[in-house]
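To convert, note that position 47 of the sequence shown is 51 in the working numbering; the numbers rise steadily by one, no gaps. Built from N, CA and C at the ideal position, the CB exists for glycine as well. One structure below.
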Amino acid sequence: DIQIARFGTRPDLHANAQMSPQMVRDICKISAAGQTLLKKAMEKLGLSARAYDRILKVARTIADLSASEDIQLEHLAEAIHFRSLDREGWAG
């Protein structure tokens, strides 16, 4: 329901995963502490700019599932964790 409301004016969008890079920047705002956490994770894991956007999309989805208006540090940390598992081959 949250994503439907968010993308209500865009019938071509149904999920956070479909957001363009510009939409990610507009919708997936994070705090300064979140930016620091994500920057450190990007450096440690050697991730690309596309991975940065993907992590933010997943964090936004986790925040939505938690009924949180903002992406909190714990949402971001969980998204980073999922990405690190994916890179290690745990996701299949």
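Whole angstroms are fine: how far does the CA of residue j sit from the CA of residue i?
i, j, result
"A67", "D74", "7 Å"
"H18", "L80", "21 Å"
"E82", "D16", "28 Å"
"K43", "L51", "10 Å"
"R64", "S88", "17 Å"
"M23", "I6", "14 Å"
"T40", "I34", "10 Å"
"F86", "T13", "30 Å"
"K61", "E78", "14 Å"
Helix, strand or coil, according to DSSP, for residue i in the structure here?
i, result
"M46", "helix"
"F11", "coil"
"A19", "coil"
"D90", "helix"
"I34", "coil"
How would you write the range of the alpha helix (DSSP H) that residue i sits in, first residue to last?
i, result
"L60", "A53 to L69"
"I75", "Element bounds for I75: n/a, residue is neither H nor E."
"D30", "P25 to I31"
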